[in-house]
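S.K.: Take the position in the sequence shown, starting the count at 1, then add 10; the result is the number in the working numbering.
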Amino acid sequence: MDFKKAPILLLISIFIATGLQAQTKKHKAAVKPSSAKLKASIAAGSTIFTENCVACHQADGMGIPNMNPPLAKTTFVLGDKTKLIKIILNGFSDDVEINGQRYANTMASHDFLKDQEIADLLTYVRNSFGNKASAVTITQVKAARAANGK
């Protein structure tokens, strides 16, 4: 090896390593805002849940037997987002079986909530009480509201 070229190779190696490290930091920084946004949405949704939902669905999300259904690990919560949004907009009066138990109490419409509030509320519910599901976006709420005429 030519020792005159060694300092140049060392500088090139340092430059490449520094550039890769900077790109990795940029990528990690780009991921954090969505994580922070999800956390903010869940926090906002928790407040909305406490103000509007806790009396019926309870603080633990387990509902009241035979009256108000649980929100924990049900297809209503973890399934189709549009269907879930429409339940918030229209209320719910169906006699329904969830996890082997029947529920027949009527849920009032909560169409007075703003689109972002509904998105935050449902994101909270879909990520609480043992649930782990994707966030509900304001775009999805707006589309469901428009299709629903509310």
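All residues carry an ideal CB built from backbone N, CA and C; glycine is no exception.
What residue range is occupied by the uninterrupted alpha helix (DSSP H) comprising I95?
M.R.: Segment K91 to N100, the alpha helix (DSSP H) holding I95.
S.K.: Less than 8 Å between the beta carbons of Y134 and G55, yes or no?
M.R.: Yes. Within cutoff.
S.K.: Which full runs of the alpha helix (DSSP H) of 4+ residues lie inside the stretch 52–130, going along the chain?
M.R.: 64–67, 85–88 and 91–100
S.K.: Among residues of its own chain, excluding the 5 on either side of G101, which ones have a beta-carbon nearer than 8 Å to its beta-carbon?
M.R.: Hits under 8 Å: T116, M117, A118, S119 and H120.
S.K.: So, using beta-carbon positions, are I52 and I98 closer together than 8 Å?
M.R.: no
S.K.: Give me, in chain order, the residues of the same chain whose beta-carbon lies closer than 7 Å to that of K152; leave out the 5 immediate sequence neighbours on both sides.
M.R.: D125
S.K.: Please classify A50: does DSSP put it in a helix, a strand, or coil?
M.R.: helix
S.K.: I need the boundaries of the alpha helix (DSSP H) containing K152, first residue and last residue.
M.R.: I148 to N158
S.K.: Measuring only the C-alpha atoms, how far is I148 from C63?
M.R.: 20 Å
S.K.: So, are the CB atoms of A88 and A143 less than 8 Å apart?
M.R.: As written in the sequence, residue 88 is Leu, which differs from the Ala given in the question. In this structure, A143 lies closer than 8 Å to L88 by Cβ.
S.K.: If contacts are defined as beta-carbon pairs under 8 Å, then L132 and L94 qualify, I think. What distance do you get, rounded to the angstrom?
M.R.: 6 Å
S.K.: Could you have a look at S44 and say whether DSSP puts it in helix, strand or coil?
M.R.: helix
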